[in-house]
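Here it is, written out as structure tokens:
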């Protein structure tokens, strides 16, 4: 009997461990840019467009003594939902070994910026280029040799913005920090002949787990003060939904910028809780807001590390 109890205890323990692992599981995807996995385009200030082009380039040069500035747009297609926690996102760009333009040259510090309006590789031009923002932009330092690869670029924050705000997340804009002659940064594009040198995006994320607190139907919408508060690094947020509603819960920093979307789906009536981790964020004041049916409420929380 003792052996049976011991075996049963071990079995229950293993189930508990597995449950924790399932709730805390992470997913990693890797996307290589290509015709079926995304789009890219090259545009210049003479309104010449190249939707199919081997160079992912930002350049300021001359053509027959006429100044030319070129930028590149690229977007990875993915199916990551907005209600997940983006843990890490890394972009690898490979030096162009057979460029139509130039190799890396000059004072070519560049930026990766988030595109916030739709565009098509088939039609985009300089005059119709999409809007972009500098929030969470990524700086690419000057190259040190002509064929330098830029590997594992940390694009976590800018990609998190794309996922959390899909209506304002349409890929990356590559542009020079200073768009005067002569300088160039040039990588293989999604159309590059050598597929091993096309851009690669690797993303690690985990689902936000919503737990049911009670089977009773609450009488009104409520979002409670997070607990613990202050917290480091995890806190719990409880909320009540009196009827089936499309619900969105977002976290904002002190400047009002959306840093994470925790819930973005239709939820049945009930009482729920979820956890939010501040592992990837700095200490400070944050706000969380619920929008469900006509109910909107915002509360403040403090992350202390």
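Numbering (this note's numbering), first residue to last: 2 to 306. Ideal Cβ placement from N, Cα and C applies to all residues, glycine included. On a predicted model such as this, the values are computed, not experimentally measured, just so you know.
For residue 300, which three-state DSSP category applies?
Residue 300 falls in the strand class under three-state DSSP.
How big is the Cα-Cα spacing for residue 137 and residue 174?
Spanning the two alpha carbons is a distance of roughly 13 Å.
Pick from 70, 106, 301 and 87: whose alpha carbon is nearest that of residue 203?
Residue 87 is the option with its Cα nearest to residue 203.
Does residue 24 come out as helix, strand or coil in the three-state DSSP assignment?
Residue placement at residue 24 is poorly supported in this model, since its pLDDT is 31, which falls under 50; the coordinates are not used for a value here.
Classify residue 77 as helix, strand or coil using the three-state DSSP reduction.
The answer is strand: DSSP assigns residue 77 an E or B state.
Under 8 Å: do the stretch 150 to 165 and the stretch 66 to 75 share three or more Cβ pairs, one atom per stretch?
Contact between the stretch 150 to 165 and the stretch 66 to 75 is absent, because fewer than three Cβ pairs lie under 8 Å.
Just confirm the distance between the C-beta atoms of residue 153 and residue 91, as a whole number of angstroms; I'd bet it's less than 8 Å.
Confirmed, about 5 Å.
Can you tell me whether residue 122 is helix, strand or coil according to DSSP?
It is coil, neither helix nor strand.
When you compare each of 52, 118, 77 and 40 to residue 31 by their alpha carbons, which one comes out closest?
That would be 77, whose Cα lies nearest to the Cα of residue 31.
Answer with buried or exposed for residue 251, where buried requires no fewer than 16 other C-beta atoms within 10 angstroms of its C-beta.
Residue 251 should be labelled buried.
Would you kindly work out how many angstroms separate the C-alpha atoms of residue 210 and residue 236, rounded to a whole number?
Distance between the alpha carbons of residue 210 and residue 236 is about 13 Å.
Which residue marks the beginning of the alpha helix (DSSP H) containing residue 165, and which one marks its end?
157 to 165 is the extent of the alpha helix (DSSP H) around residue 165.
For residue 285, which residues does DSSP report across the bridge?
Answer by DSSP bridge pairing, in chain order: 304.
Am I right that residue 109 and residue 143 are in contact with their C-beta atoms under 8 Å? What's the rounded C-beta distance?
Residue 109 to residue 143, Cβ: 6 Å. Contact.
Excluding sequence positions up to five away, which residues of its chain have a Cβ less than 8 Å from the Cβ of residue 65?
Same-chain partners within the cutoff: there are none.
Quick check: the Cα distance between residue 93 and residue 277, rounded to an integer number of angstroms?
Roughly 29 Å between the two C-alpha positions.
Out of 95, 135 and 102, which has the shortest C-alpha to C-alpha gap to residue 150?
Measuring from the Cα of residue 150, the nearest candidate turns out to be 95.
Within its chain, find whatever has a CB closer than 7 Å to the CB of residue 83; leave out the 5 residues flanking it on each side and keep chain order.
Around residue 83: 164, 165, 167, 262 and 265.
In whole angstroms, what is the alpha-carbon distance linking residue 9 and residue 27?
The predicted model places residue 9 with a pLDDT of 37, which falls under 50 and marks its position as unreliable; any figure quoted below should be read in that light. The straight-line gap from Cα to Cα measures roughly 29 Å.
Under the assumption that residue 184 contacts residue 193 (Cβ atoms under 8 Å), give the Cβ distance between them as a whole number of angstroms.
Contact doesn't hold; Cβ gap of about 21 Å is too wide.
If you measure between the beta carbons of residue 206 and residue 147, is that distance less than 8 Å?
No, Cβ-Cβ distance for residue 206 and residue 147 is not below 8 Å.
Let's test the definition: count the other Cβ atoms within 10 Å of the Cβ of residue 226 and tell me whether it reaches 16, buried, or not, exposed.
Flag for residue 226 reads exposed.
Ignore the nearest five residues each way along the sequence and tell me which others in residue 23's own chain have a CB closer than 8 Å to its CB.
Confidence is the limiting factor: at residue 23 the pLDDT is only 28, short of 50, which leaves the residue's position unreliable, though a coordinate-based value still follows. Within the same chain, residue 23 has no close Cβ partners at all.
Which residue or residues does DSSP assign as beta-bridge partners of residue 239?
Residue 239 is bridged to 274.
Exposed or buried, residue 238, counting other C-beta atoms within 10 Å across all chains shown (16 or more means buried)?
The residue in question, residue 238, is buried, as its Cβ has 16 or more Cβ neighbours within 10 Å.
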